[in-house]
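*Asks:* Quick note on our numbering: the sequence shown kicks off at 9 and runs consecutively. For every residue, glycine included, the Cβ atom is placed at its ideal position computed from N, Cα and C.
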Amino acid sequence: MRRATAIMRQPSEAIGTLPSPPHARPRAFRSSALARPRCCSPAHLGASGPASAPPVPIAEEDIFALLYTSGTTGRPKGAMLTHLGTVHSLLHFEYGLAPRDGEISVLVVPASHVTGLVAIILTMLRVAGTIVLMPAFKARDFLGLASRERMSHALLVPAMYNLCLLDPEFAAFELSSWRIGGFGGAPMPQATIEQLAAGLPNLTLVNVYGSTETTSPVTMLPLGEAATHADTVGKALPCADVVVMNDSGREAAAGESGELWIGGAMIVPGYWRNEEADRNAFCAGYWKSGNVGSVDAKGHVRVFDRKKDMINRGGFKIYCIEVESVLSRHDGVIECAVIGHTDPVLGERLHALVVPRDASVAETEL
Numbered sequence: 009m010r011r012a013t014a015i016m017r018q019p020s021e022a023i024g025t026l027p028s029p030p031h032a033r034p035r036a037f038r039s040s041a042l043a044r045p046r047c048c049s050p051a052h053l054g055a056s057g058p059a060s061a062p063p064v065p066i067a068e069e070d071i072f073a074l075l076y077t078s079g080t081t082g083r084p085k086g087a088m089l090t091h092l093g094t095v096h097s098l099l100h101f102e103y104g105l106a107p108r109d110g111e112i113s114v115l116v117v118p119a120s121h122v123t124g125l126v127a128i129i130l131t132m133l134r135v136a137g138t139i140v141l142m143p144a145f146k147a148r149d150f151l152g153l154a155s156r157e158r159m160s161h162a163l164l165v166p167a168m169y170n171l172c173l174l175d176p177e178f179a180a181f182e183l184s185s186w187r188i189g190g191f192g193g194a195p196m197p198q199a200t201i202e203q204l205a206a207g208l209p210n211l212t213l214v215n216v217y218g219s220t221e222t223t224s225p226v227t228m229l230p231l232g233e234a235a236t237h238a239d240t241v242g243k244a245l246p247c248a249d250v251v252v253m254n255d256s257g258r259e260a261a262a263g264e265s266g267e268l269w270i271g272g273a274m275i276v277p278g279y280w281r282n283e284e285a286d287r288n289a290f291c292a293g294y295w296k297s298g299n300v301g302s303v304d305a306k307g308h309v310r311v312f313d314r315k316k317d318m319i320n321r322g323g324f325k326i327y328c329i330e331v332e333s334v335l336s337r338h339d340g341v342i343e344c345a346v347i348g349h350t351d352p353v354l355g356e357r358l359h360a361l362v363v364p365r366d367a368s369v370a371e372t373e374l
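#1: With 16 as the cutoff for other CB atoms within 10 Å, does Asn288 come out buried or exposed?
#2: Could you please give the first and the last residue of the uninterrupted beta strand (DSSP E) stretch that includes Glu343?
#3: Can you list, in chain order, the stretches of the beta strand (DSSP E) that have 3 or more residues and sit fully within the stretch 157-203?
#4: By Cβ distance below 6 Å, which residues in the same chain neighbour Ser248 in space, the five residues on each side in sequence not counted?
#5: How do the stretch 344-352 and the stretch 360-373 stand: do at least 3 beta-carbon pairs fall below 8 Å, yes or no?
#6: Helix, strand or coil for Thr220? Go by DSSP, reduced to three states.
#7: Specify the secondary structure class of Ile329 as computed by DSSP and reduced to three states.
#8: So what does DSSP say about Leu358, is it helix, strand or coil?
#9: Comparing C-alpha positions only, which one of Arg365, Ser224, Leu245, Asp317 sits nearest to Ser336?
#10: Contact defined as beta carbons within less than 8 Å: I believe Ser160 pairs with Ile112. What is the distance between those atoms, to the nearest angstrom?
#11: Mind checking Asp339: buried by the 16 CB within 10 Å criterion, or exposed?
#12: Any idea which residues DSSP pairs Cys291 with across the strands?
#13: CA-CA distance, Pro209 and Glu233?
#14: Comparing alpha-carbon positions, which option in Glu267, Val250, Gly192 lies nearest Ser256?
#15: Using a threshold of 7 Å, is the CB atom of Phe312 nearer than that to any non-hydrogen atom of the ligand ATP?
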C-alpha cells in the first residue's frame with residue numbers, strides 16, 4: 009500500500025502518517041447509480057459521535073463546494089462546484105501537469121480559492137503528495153521554504169515568480185527539485201520565462217487558464233511550450249470545449265477574436281440562489297467567460313482582455329494585456345498595468361502604470 013508521509017503540514021512539521029486509500033484511483037467519469045444524499049440528524053450520530061453515522065450516498069451532480077467569486081462585478085456569487093466537475097478537473101491536472109506520486113507542493117495561494125483547493129490540495133491528495141502550508145507569500149521566505157522542503161510542484165501567479173527572481177540571492181537557493189511551475193491569472197512576461205529557464209533548468213512552466221466557474225483548468229500549455237508559445241494559454245483540455253462567439257452571437261472563424269464561451273463537465277451548474285446571474289452568465293451549457301480571445305487553426309487559445317476592459321480609442325480596439333506584455337519585456341520594468349482614461353476627442357486613451365527597476369528608466373524610453 010502506498011503511503012503519504014505527510015498529507016498536510018506546516019513547514020518542517022509532519023503531522024503523522026496516513027495510509028493511501030486501498031482502492032486504485034478512479035478512472036470512470038460517470039456513475040449514475042449513486043442515490044441523492046441524505047441528511048444525518050443528531051439521533052443518527054449516537055453516543056459514540058460521528059464514527060457511528062450512517063454512510064451518505066453522494067451523486068455526481070451534488071454540490072462539492074461553494075466558492076464565492078466576484079469576477080469584475082464586485083458582488084460575490086457562490087459558484088456551485090460539483091463532485092463530477094471536481095473529478096474532471098483533477099483528471100485534467102493529472103493529464104496536463106503529469107504529477108508524480110509523492111510530489112511536494114507549497115501552498116501560497118488562498119486555500120479558499122479554486123486554485124488552492126483543487127489545483128493544489130486535492131491534486132496532492134490524489135497523488136499521495138505533501139502540502140506545505142505558508143501563511144503569506146514573501147519571496148525570500150518562499151525560496152527558503154521551497155529549498156528546505158525540496159519542493160517539486162507549485163502554482164503561482166506571474167508576479168510571484170518575478171518577485172523571486174528579484175531576490176539578490178535567488179541563485180543561492182537549492183531549487184533543483186522544482187519540476188512543475190504552474191501559473192495563471194495574468195500573462196507571464198517573456199523576460200521572466202527566459203530568466204527562470206536559465207536559473208532553474210529542471211523547471212517546466214505551464215500556463216493554466218480557468219476560473220472558479222470552470223472548477224479551474226480549461227486550457228494548459230503542453231509541457232515544454234512555455235517559451236515557444238508564450239502568447240497563448242495553451243490548448244483546450246480533453247473534456248473542455250472553447251468556443252469563440254462574435255458580437256452577432258455566432259461562432260467566429262479560427263483566428264478571429266470574440267468572447268470565449270466554455271463548456272464541459274467541469275462547468276458549474278450555476279450560482280447559489282442567484283437566478284439572474286445564471287441567466288447572464290450561462291447559455292446552452294456554456295459559461296460566458298467575459299474574456300475576449302481567439303482559437304487558432306492548431307487549437308492554441310489566446311486571451312486578449314476582459315470584454316469590459318477593452319479600450320476603444322477613436323474606434324480602434326486596444327487590449328490592455330497586449331500593451332502590458334510589450335512593456336513587461338523591457339529590462340527596466342518590474343510590473344505594469346494599463347487602463348483606459350477618458351479622452352474628450354478619442355473617447356478613451358491609454359494610461360500605463362509602471363513600477364521601474366530603478367530611477368534610470370525614463371518615460372520616453374518606454
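*Replies:* Taking the definition as stated:
#1: A residue is called buried once 16 or more other Cβ atoms fall within 10 Å of its Cβ, and Asn288, having fewer, is exposed.
#2: From DSSP, the beta strand (DSSP E) with Glu343 extends over 341-351.
#3: With a minimum length of 3 residues, the continuous beta strand (DSSP E) runs that stay inside the stretch 157-203 are 161-164, 188-191.
#4: The sequence given here places Ala at residue 248; Ser does not occur at that position. Counting only Cβ-Cβ distances below 6 Å, and skipping sequence neighbours, we find Val226, Gly272.
#5: Note that the stretch 344-352 touches the stretch 360-373; at least 3 beta-carbon pairs, one per stretch, sit closer than 8 Å.
#6: Three-state DSSP puts Thr220 in a helix.
#7: Three-state DSSP puts Ile329 in a helix.
#8: DSSP, reduced to helix, strand and coil, places Leu358 within a strand of the structure shown.
#9: Check the Cα spacing between Ser336 and each of Arg365, Ser224, Leu245, Asp317: the tightest is with Arg365.
#10: Confirmed, about 5 Å.
#11: Label assigned to Asp339: exposed.
#12: According to DSSP, which records beta bridges pairwise, Cys291 is partnered with Tyr294.
#13: Between Pro209 and Glu233, the C-alpha separation is close to 14 Å.
#14: A check of alpha carbon separations from Ser256 across Glu267, Val250, Gly192 identifies Glu267 as the nearest.
#15: Within the structure as shown, the ligand ATP is missing, as the structure has no ligands at all.
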